[in-house]
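Okay, structure first, notes after.
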Amino acid sequence: RVDLLALSEECSLLTSAAVDLMPANVRFIAHKANVGLIMTLQCLLGWANWELSTSIVQGFRTTGSIPCSNISPRVEPSSAINLEEFLETADAWNSSIAAVKRELPSEDRIYKMTLEELDKGWLFNVGTKADFDSRFGKGKWRAIRRRIIWQPGHDRWRLIDNARKSRHNDAAVLHETIATVPPDIAMINARFVRDLVGAPLTG
311 RVDLLALSEE CSLLTSAAVD LMPANVRFIA HKANVGLIMT LQCLLGWANW
361 ELSTSIVQGF RTTGSIPCSN ISPRVEPSSA INLEEFLETA DAWNSSIAAV
411 KRELPSEDRI YKMTLEELDK GWLFNVGTKA DFDSRFGKGK WRAIRRRIIW
461 QPGHDRWRLI DNARKSRHND AAVLHETIAT VPPDIAMINA RFVRDLVGAP
511 LTG
């Protein structure tokens with residue numbers, strides 16, 4: 311039996327060292343992550359995604375070459391647009407996003423949920439185009455349009471950052487693809503249990 315609380319305490323020095331290595335912008339978001347425990351569990355479990363703890367410390371990339379998780383199926387990566395091409399139309403794109411004025415209930419909900427993420431420490435800041443131009447430089451950053459969908463299965467709203475429309479996806483080199491669970495997984499599992507038991511399932 312493994313006492314996770316005791317193990318977590320044993321890993322506290324490793325966690326402190328990992329947090330010290332985080333860049334300031336990553337530390338702002340991830341300083342509460344128990345990286346030492348995550349690293350230890352990765353080793354104990356032989357977890358394939360050995361890049362996970364590194365990404366927590368260095369920050370997860372959204373453009374450029376995205377490290378493999380070693381869990382999802384591999385694909386032949388497509389060539390990505392370079393940084394110069396990515397930022398060439400950035401200011402025009404940012405201006406088009408800033409110019410959108412829509413009086414929709416979904417816009418209010420998106421803003422409210424974004425502020426909730428800010429309160430949780432998941433975001434640096436919210437601001438205007440001028441705010442971010444001042445911080446990063448005009449044309450040196452590229453906005454992502456945010457939308458929202460209702461998930462009936464979870465009885466909640468879910469925020470979606472549309473990286474395809476903003477071309478962030480075009481600027482990423484992906485070596486893996488997402489593999490979703492088929493909808494008949496429940497029947498497959500039930501049949502597996504039935505075959506294992508050797509009798510029909512009841513109740």
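Everything in the sequence shown is counted per our numbering, starting at 311 for the first residue and increasing by one. Virtual Cβ for every residue (Gly too), placed ideally from N, Cα, C.
Rounded to the nearest whole angstrom, the CA to CA distance from residue 419 to residue 470 is 12 Å.
When the beta-carbon positions are compared, residue 482 and residue 346 stay at least 9 Å from each other. Assigned with DSSP and collapsed to three states, residue 468 falls in strand. Counting only residues of its own chain and dropping the five nearest sequence neighbours on each side, residue 479 has a CB closer than 8 Å to the CB of 473.
Rounded to whole angstroms, the Cβ separation of residue 477 and residue 396 is 7 Å, and the two are in contact under 8 Å. In the three-state reduction of the DSSP assignment, residue 388 falls in the coil class. In the assembly as shown, residue 335 is an exposed residue. Its beta-carbon has fewer than 16 other beta-carbons within 10 Å. Three or more beta-carbon pairs separated by less than 8 Å link the segment 439-452 to the segment 400-407, which places the two stretches in contact.
Rounded to whole angstroms, the separation of the alpha carbons of residue 499 and residue 506 is 10 Å. DSSP places residue 445 in no beta strand (DSSP E) but in the uninterrupted alpha helix (DSSP H) bounded by 439-446. Excluding residues up to 5 positions away in sequence, 459, 461 lie with their Cβ nearer than 6 Å to the Cβ of residue 468 in the same chain. Residue 389 is positioned such that its CB atom lies no closer than 9 Å to that of residue 359. Per DSSP, the continuous alpha helix (DSSP H) segment holding residue 498 begins and ends at 495-507. Between the beta-carbon of residue 486 and that of residue 382 there is about 4 Å, and that keeps the pair under the 8 Å contact cut. The Cβ-Cβ distance between residue 348 and residue 366 falls below 9 Å. Boundaries of the alpha helix (DSSP H) harbouring residue 403: 400-408, taken from the DSSP string. Listed as beta-bridge partners of residue 458 by DSSP are 469. Residue burial annotation: residue 332 is buried, with at least 16 other C-beta atoms found within 10 angstroms of its C-beta.
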